[in-house]
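A.B. asks:
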Amino acid sequence: MNTAGEPFFSWTARRVTLPRTLVSVVSAGGDRAGEGYSGITLDVTVPLAARTGRLLAYRDADWDTELVVLMVGDVIGADDVPVRVVDEETILIEGQHSTQPAEILVAATIIRDGCGTRRLSRRDVDHQLCTGGPVRDAIALSGAVSVDSEWCEPIGAHAAA
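In case it helps, the working numbering puts the sequence shown at residues 233 to 393.
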């Protein structure tokens with residue numbers, strides 16, 4: 233059976249193909265007139281132990297939300313890049329300890345939507361990757377072809393915590 237282009241589902245993860253048509257708008261630094269635009273507000277390369285990462289801050293005007301994403305390793309053009317939600321204050325430390333060849337870390341920042349204000353969770357990331365939203369827009373800027381979103385951590389991860 234030919235399954236090319238179909239979403240991948242497992243008991244604990246889902247593969248999501250990212251859009252390739254997203255255009256980013258970089259707002260002027262410190263300019264209040266640029267607040268009506270969505271786009272990248274920070275895009276820097278950071279050293280992470282033996283490799284580099286790309287730290288990206290993305291502002292979405294429609295959701296009035298700013299997200300921080302760290303791409304670890306060679307993410308551009310990669311398939312099935314794992315996506316993880318980590319604490320905002322430790323995103324660089326988590327990136328340094330990543331053992332994956334390529335990984336995308338999303339900071340658990342405060343998000344706003346029709347339900348109010350709350351911290352970004354793994355469920356929010358999975359939902360927005362599938363239906364759209366600022367998380368999907370920010371992750372699409374990574375250049376990855378597809379990502380894997382795990383909604384259930386392996387049992388070993390709970391034992392180590």
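Using N, Cα and C, we set each Cβ at its ideal position, and we do this for glycine too. What you are looking at is a predicted structure, and each value in this text was computed from that prediction instead of being measured.
Sort out for me which residues DSSP pairs residue 314 with in a bridge.
C.D. replies: Residue 314 sits at position 82 when you count from the first residue of the sequence shown. Per DSSP, 380.
A.B. asks: Report yes if the CB atom of residue 351 is closer than 8 Å to the CB atom of residue 340, and no otherwise.
C.D. replies: For the purposes of this step, residue 351 is taken as the residue at position 119 of the sequence shown. For the purposes of this step, residue 340 is taken as the residue at position 108 of the sequence shown. Yes.
A.B. asks: Where do the N-terminal and C-terminal ends of the beta strand (DSSP E) with residue 327 fall, by residue?
C.D. replies: Within the sequence shown, the letter at position 95 stands for residue 327. Looking at the DSSP string, residue 327 is not in any beta strand (DSSP E); the run it does join, the alpha helix (DSSP H), is 323-328.
A.B. asks: Quick one, are the C-beta atoms of residue 305 and residue 333 less than 8 Å apart?
C.D. replies: Position 73 of the sequence shown, counted from the first residue, corresponds to residue 305. Position 101 of the sequence shown, counted from the first residue, corresponds to residue 333. Yes, they are a contact pair.
A.B. asks: Could you check the C-alpha separation between residue 259 and residue 291 for me, to the nearest Å?
C.D. replies: Taking the first residue of the sequence shown as position 1, residue 259 is located at position 27. Taking the first residue of the sequence shown as position 1, residue 291 is located at position 59. Only weak support exists for where residue 259 lies, its pLDDT of 45 falling under 50; the value from the coordinates is given anyway. Distance between the alpha carbons of residue 259 and residue 291: 9 Å.
A.B. asks: Can you tell me which of the three DSSP states residue 352 falls into?
C.D. replies: Reading the sequence shown from its first residue, position 120 is the one you call residue 352. Residue 352 falls in the coil class under three-state DSSP.
A.B. asks: Excluding five sequence neighbours on each side, which residues of the same chain lie with their C-beta closer than 6 Å to the C-beta of residue 275?
C.D. replies: Locating residue 275 in the sequence shown gives position 43, counting from the first residue. 288.
A.B. asks: Check for me: the alpha helix (DSSP H) holding residue 371 runs from which residue to which?
C.D. replies: To locate residue 371, count along the sequence shown from 1; it is residue 139. It spans 366-372 - the alpha helix (DSSP H) in which residue 371 sits, taken as one unbroken run.
A.B. asks: State the DSSP-derived secondary structure class of residue 363, mapped to helix, strand or coil.
C.D. replies: For the purposes of this step, residue 363 is identified with residue 131 of the sequence shown, where counting begins at 1. Reduced to three states, the DSSP call for residue 363 is helix.
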